[in-house]
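Asks: With my numbering applied, the sequence shown corresponds to residues 7 to 72, in that order. For glycine and all other residues, C-beta sits at the position ideal for the given N, C-alpha and C. Encoded as structure tokens, here's the structure I'll be asking about.
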Amino acid sequence: MKKKNITALEELIKDAKDLGVKLVACEITMDLMDIPKGEFISEVSEVGGVGTYLDATSKSYINLFI
């Protein structure tokens with residue numbers, strides 16, 4: 007990324023968190039892939055399912071589901 011003059015992922019995540027972005031890990035994906043919460047970066051603030059996502063985004067003007 008540095009060769010292409012693209013901001014590093016770590017910096018992008020920090021900037022997003024500074025702007026109030028909330029990172030939520032998908033509970034179903036974690037279960038399917040046997041990924042424990044301890045495997046995530048510290049910026050992942052919670053684990054949630056569809057209900058958590060819909061509740062959070064119903065109060066937002068912008069959301070991104072990946």
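#1: Relative to the alpha-carbon of isoleucine 41, which residue among Cys32, Ser48, Ile12 has its alpha-carbon at the smallest distance?
#2: Would DSSP call glutamate 49 helix, strand or coil?
#3: Roughly how many angstroms lie between the CA atoms of tyrosine 59 and aspartate 21, to the nearest whole one?
Replies: According to the structure shown:
#1: Residue Cys32 is the option with its Cα nearest to isoleucine 41.
#2: In the structure shown, glutamate 49 sits in coil (DSSP, three-state: anything other than H, G, I, E or B).
#3: Going from the Cα of tyrosine 59 to the Cα of aspartate 21 covers about 21 angstroms.
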